[in-house]
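>
Residue numbers (the working numbering): 46 to 116.
Structure, rendered in structure tokens:
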């Protein structure tokens, strides 16, 4: 038998974890984050970022060795 290794195991399949999900979770717990409630320009930028991150999941990033190919 082998000793368990220290680390985290995702609660769901990496193919189902989008980078936008991770960004949203980090933003929720972040301190001193500016809100996008005021300026429509900031809301638009934030949405574009979420849309871009939603195209990729953890499985893709791990299998590509971190190289994300833009289409």
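Glycine is no exception: its CB is placed at the ideal position from the N, C-alpha and C atoms.
Would you kindly check if the distance between the Cβ of residue 99 and the Cβ of residue 63 is under 7 Å?
Mapped onto the chain shown, residue 63 falls at position 18. Mapped onto the chain shown, residue 99 falls at position 54. A contact, by the Cβ cut-off of 7 Å.
> Where does the unbroken alpha helix (DSSP H) through residue 88 begin, and where does it stop?
Here residue 88 refers to the residue found at position 43 of the chain shown. Unbroken alpha helix (DSSP H) run through residue 88: 85 to 98.
> Across the region 48 to 68 and the region 86 to 93, are there enough close Cβ pairs to call them in contact, namely three or more that are closer than 8 Å?
The answer is no - the region 86 to 93 does not touch the region 48 to 68, with fewer than three Cβ pairs under 8 Å.
> For residue 61, which residues in the same chain have their Cβ closer than 8 Å to its Cβ, ignoring the five residues on either side in sequence?
Here residue 61 refers to the residue found at position 16 of the chain shown. 102, listed in sequence order.
> Here's a check: name, in chain order, each residue in its chain whose Cβ is nearer than 7 Å to the Cβ of residue 75, leaving out the five neighbours to either side.
One-based indexing of the chain shown puts residue 75 at position 30. Here the set comprises nothing.
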